[in-house]
Amino acid sequence: MKAVCDGVWVQDAEVKLPGGAVLPIRATVVQLDDGSLWVHSPVHPSPEWVRDLKAIGDVRHIVAPNTYHHLFIKKLAVEFGGACLYAPKALMSKRSDINWTTELQRDLWPKDFTVVPLEGMDKLAEFVFLHKKSATLIVTDLLFHIQQPLNWQARFLNWLANSAPGPRISRLLGFVTTDKARFVSSAWEISQLPFDRMVMAHGDVIETGGQAALSAALEHRYGKGAG
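Following this note's numbering, the numbering of the sequence shown begins with 41 at its first residue and continues without gaps.
So this is what it looks like as structure tokens:
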């Protein structure tokens, strides 16, 4: 596990998709104001990662940020039995086998985060999180920042989705967008939040200039009228 800044860490991994494309994936860990740990979009809980988590604090919050990033929620919950599990309403219905604690909503963790749902994407139902203390925006599939695809199949997939070289908004988001105008408006509002760093689930962390990167990606995908 790597430190991004004071109180924020990432755990990087890879996932192999049907067809052979290998994509980078990332979990983000934040130490909250009360000292507990908050885990966003967990990857496979290897013994090494579990050890690292236990060394820095108590995992009390495990977050599935959209309807796709939930595969390792149950496994991580086994390692941290006292943790609360959070998900969008659509995922709570989709994965009713998981003992969810709370539906994701705007008013959670007000000391630590500004929590914002991406509008107009009911099928994905993604939430983004602005960590106030570090001015870090944490997103999942809203933005990709893949500079070097991991194999030729991934290179082809990224070309097809126009999601690399990043930062890019994937063309594939169109398949889960139910209201394009609402989505673009929502994403543009998010780009105006007070953040500098941007951590995403796929690709390199943007250490500075995150606002400009997201704005540029919106204009690249939707044109200069995005804002």
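The C-beta atom is built at its ideal place from N, Cα and C for all residues, glycine as well. Only a predicted model underlies this, so the values are computations on that prediction, with no experimental measurement involved.
| Item | Value |
| --- | --- |
| In angstroms, rounded to a whole number, what distance separates the CA positions of H260 and G214? | 14 Å |
| State the start and end residues of the unbroken beta strand (DSSP E) segment that holds K56. | 48 to 56 |
| Could you give the DSSP three-state label for F215: helix, strand or coil? | helix |
| Pull up the distance between the alpha-carbon of F153 and that of P189, whole angstroms please. | 31 Å |
| In the DSSP assignment, what residue or residues form a beta bridge with M41? | Beta-bridge pairing links M41 to no other residue. |
| Tell me, which residues are paired with T142 by DSSP? | Y126 |
| Beta-carbon within less than 7 Å of R100's beta-carbon, same chain only, minus the 5 sequence neighbours each way: which residues are those? | S76, L77, G122, A123, C124 |
| Going by DSSP, what residues sit across from L258 in a beta bridge? | Its beta-bridge partners do not exist; DSSP assigns none. |
| Please name the residue or residues paired with G243 in a DSSP beta bridge. | H185 |
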